[in-house]
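Student: Quick one: this structure, given as structure tokens, is what I'll be asking you about.
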Amino acid sequence: MLNCIAKSKKALVWTRITFAFVVVNVFVLSQVLVINRAFIYGVYTGLFVTYLFYEIMSRGFLKKNPNTADERFEFIHNKAMAYSGNSIILLLAFATIVLRAENLPFTVAAHSVTFVAMNVFVILYVITFAWLWKRY
Amino acid sequence: MHNKIRELRQANGLTQEELASRVCVSRQTIISLETGRYDPSIHLAFRIAQTFQKPIEEVFSFDKDGAPQC
């Protein structure tokens, strides 16, 4: 997951790979699913700006703080990932049951569910990370 | 777990930043260790003990009396 700034060189390399993977996938999916071009250009611009920001900030950060990704950081990161991951699975399990109901007064699009799930995960991760950072 | 990192660091005239750099961790980790909020891995515990040139049991103990607890 993107964590604002890479805390280790390994994380930076993995982010580059992830970005490349996303770019290729967006290209392939946009061809297969015939998605609006303006939307795809918007996605590409967003990806490019985010990648540039991440790369520049991470390089600066790693130069100043070479030991930031230490064992305590890993410990907190792993816990935050586990908490937010488990919470999102619970939430999705609940949503799976609720959204199967036939008498729902509203309809939910698939992309809305994934959007909400992704954002809830990111928010939960940030909150849990901050809380654990204070605690340990 | 109890540790004597702060006492040993001050006795050796090291700042938190210097100790952090010697044992390859961040200053926040040294602060957490000194305040007892975070227990180090065995690798980090050995690195800290080696930095102070002390046996590990002189730097870390299970509690203030040194008696192991479950």
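In order, the protein sequences belong to chains A and B. Each residue of the first sequence is one higher than the one before, counting from 1 in the working numbering. Each residue of the second sequence is one higher than the one before, counting from 1 in the working numbering. Glycine included, each C-beta is placed from N, C-alpha and C at the ideal position. In this text the structure is predicted, and so the values were computed from the model without any measurement.
May I ask which residues mark the beginning and end of the alpha helix (DSSP H) holding residue 54 of chain A?
Tutor: Within the first sequence, residue 54 of chain A is the residue found at index 54, counting from 1. Its alpha helix (DSSP H) spans residues 37 to 64.
Student: Got a sec: is the Cβ-Cβ distance from residue 18 of chain A to anything in chain B below 8 angstroms?
Tutor: Reading the first sequence from its first residue, position 18 is the one you call residue 18 of chain A. No, residue 18 of chain A does not count as interfacial toward chain B.
Student: Is residue 29 of chain B close to chain A? Criterion is C-beta to C-beta, closer than 8 angstroms.
Tutor: For the purposes of this step, residue 29 of chain B is taken as the residue at position 29 of the second sequence. So, interface residue.
Student: At the level of alpha carbons, what is the spacing between residue 53 of chain A and residue 32 of chain A?
Tutor: Along the first sequence, read from residue 1 onward, the residue named residue 53 of chain A stands at position 53. Along the first sequence, read from residue 1 onward, the residue named residue 32 of chain A stands at position 32. Cα-Cα distance, rounded: 30 angstroms.
Student: In this structure, how does DSSP classify residue 42 of chain B when only helix, strand and coil are distinguished?
Tutor: The residue you call residue 42 of chain B lines up with position 42 of the second sequence. It is helical.
Student: In or out: residue 125 of chain A buried (at least 16 other Cβ within 10 Å) or exposed?
Tutor: Along the first sequence, read from residue 1 onward, the residue named residue 125 of chain A stands at position 125. The residue is buried, with at least 16 neighbouring Cβ atoms inside 10 Å.
Student: Using DSSP's beta-bridge definition, name the partner residues of residue 61 of chain B.
Tutor: On the second sequence, position 61 is the one that residue 61 of chain B refers to. DSSP output for residue 61 of chain B lists B/2 as bridge partner(s).
Student: Give the residues from the region 68 to 83 of chain A that approach chain B closer than 8 angstroms (Cβ to any Cβ), ordered along the chain.
Tutor: Against chain B - using a Cβ distance shorter than 8 angstroms - the residues of the region 68 to 83 of chain A are 68, 70, 71, 72, 73 and 75.
Student: Contact between the region 28 to 45 of chain A and the region 75 to 82 of chain A is defined here as three or more beta-carbon pairs at a separation below 8 angstroms; is this criterion met?
Tutor: Verdict: no, contact absent.
Student: Use the C-beta contact count for residue 73 of chain A: other C-beta atoms within 10 angstroms, 16 or more gives buried, fewer gives exposed.
Tutor: Here residue 73 of chain A refers to the residue found at position 73 when the first sequence is read from its first residue. Buried, because 16 or more other Cβ atoms sit within 10 Å of the Cβ of residue 73 of chain A.
Student: Would you kindly report the start and end of the unbroken alpha helix (DSSP H) that includes residue 12 of chain A?
Tutor: Within the first sequence, residue 12 of chain A is the residue found at index 12, counting from 1. Where residue 12 of chain A is concerned, the enclosing alpha helix (DSSP H) stretches over 9 to 33.
Student: Leaving out five residues before and five after residue 16 of chain B in sequence, what residues of the same chain have Cβ atoms less than 6 angstroms from its Cβ?
Tutor: Numbered from its first residue, the second sequence carries residue 16 of chain B at position 16. Only 27 and 30 meet the Cβ criterion.
Student: Starting from residue 14 of chain B, find everything on chain A with Cβ-Cβ shorter than 8 angstroms and list it in chain order.
Tutor: On the second sequence, position 14 is the one that residue 14 of chain B refers to. Per Cβ cutoff of 8 angstroms: no residues; residue 14 of chain B is ~15 angstroms from chain A at best.
Student: Quick one: residues in its chain with C-beta nearer than 8 angstroms to the C-beta of residue 108 of chain A, no 5 flanking neighbours on either side, listed in chain order?
Tutor: The count along the first sequence starts at 1 and reaches residue 108 of chain A at position 108. Excluding residues within five positions, the ones whose Cβ falls inside 8 angstroms are 99.
Student: Considering residue 114 of chain A, what are the terminal residues of the alpha helix (DSSP H) in which it resides?
Tutor: The sequence position of residue 114 of chain A within the first sequence is 114, counting from 1. Residues 110 to 135.
Student: Can you give the Cα-Cα distance for residue 11 of chain B and residue 65 of chain A, rounded to whole angstroms?
Tutor: As a first step, residue 11 of chain B is located in the second sequence; it is residue number 11 there, counting from the start. As a first step, residue 65 of chain A is located in the first sequence; it is residue number 65 there, counting from the start. Taking the straight line joining both Cα atoms gives about 26 angstroms.
Student: When we look at the beta-carbon of residue 137 of chain A and count the other beta-carbons within 10 Å, is it buried (16 or more) or exposed?
Tutor: Outside the modelled stretch of chain A, which goes from 1 to 136, sits residue 137 of chain A, for which no answer is possible.
Student: Let me know the secondary structure DSSP gives residue 87 of chain A once reduced to three states.
Tutor: Position 87 of the first sequence holds residue 87 of chain A. Helix, per DSSP.
Student: Please list the partners that residue 6 of chain B has in chain A, where partner means a Cβ-to-Cβ separation under 9 angstroms.
Tutor: For the purposes of this step, residue 6 of chain B is identified with residue 6 of the second sequence, where counting begins at 1. The premise fails here: residue 6 of chain B is roughly 17 angstroms from chain A at the closest Cβ pair, so nothing lies under 9 angstroms.
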